[in-house]
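Heads up, the sequence shown is in the UniProt record's numbering, so the first residue is 1 and it goes up one at a time. Glycine residues also receive a C-beta, built at the ideal position from the N, C-alpha and C atoms. Here the structure is a predicted model, which means the values were calculated and not measured. Below is one structure, written out as structure tokens; comments come after it.
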Amino acid sequence: MEGKPRLHYFNGRGRMECIRWLLAAAGVEETHLTRGTLMYGQHLPMVETHGMNLVETRAILRYIPAKYDLYGGNLKEQAWIHMYVEGLNDLSNMIMFLPLSLPEEEMNLAYILEKATTRFFPVCEKVSNQLLPCFMTWIKGEKNKR
């Protein structure tokens, strides 16, 4: 039996938080480390698991669902998962780069809010009735009963 995955990241949430969420959804306990010998000169986040040192957030986010049967039951479900992950990544990037904007920060914040409320949130709401029941069956341990 493999030990707990070891998570290397700063003492905070950031890009490791979605990785923690996936591990929790899979029912996997992890060990959080803020120091250690890391690949590629302090490349974070990093997850040590199953004899591998995984780096790059999205690579880790693809590995965990595939490993723990959270990746969708077929190619169509996997494609839907990727579309929503990439859409939320676009929104996250807009928010993340706001502090680096030019002096029109308030205009940029208004732009982000407008995009979020007219582009991203309606799409998420539209499919939430389809995706949430599937996700809840995974949480309840019924993932193989679909």
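Three-state class that DSSP yields for residue 44 in the structure shown: Locating residue 44 in the sequence shown gives position 44, where the first residue counts as 1. Note: residue 44 maps to coil in three-state DSSP.
Residue interval of the beta strand (DSSP E) (run including residue 52): Reading the sequence shown from its first residue, position 52 is the one you call residue 52. 52 to 55 is the span of the beta strand (DSSP E), which, as asked, contains residue 52.
6 Å CB neighbourhood of residue 5 in its chain, flanking five on each side removed: Walking along the sequence shown from the start, residue 5 turns up at place 5. These residues qualify, in order along the chain: 30, 47 and 49.
Distance between residue 86 and residue 79 (C-alpha atoms, nearest Å): For the purposes of this step, residue 79 is identified with residue 79 of the sequence shown, where counting begins at 1. For the purposes of this step, residue 86 is identified with residue 86 of the sequence shown, where counting begins at 1. Taking the straight line joining both Cα atoms gives about 11 Å.
Reduced DSSP category for residue 15 - H, G, I as helix; E, B as strand; rest coil: Position 15 of the sequence shown, counted from the start, is the residue given in the question as residue 15. The answer is helix: DSSP assigns residue 15 an H, G or I state.
Cβ shell of residue 60 (< 6 Å), same chain only, five flanking positions each side left out: In the sequence shown, counting from the first residue as 1, residue 60 sits at position 60. If we look at residue 60 and ignore the five residues flanking it on each side, its Cβ neighbours are 19, 47 and 54.
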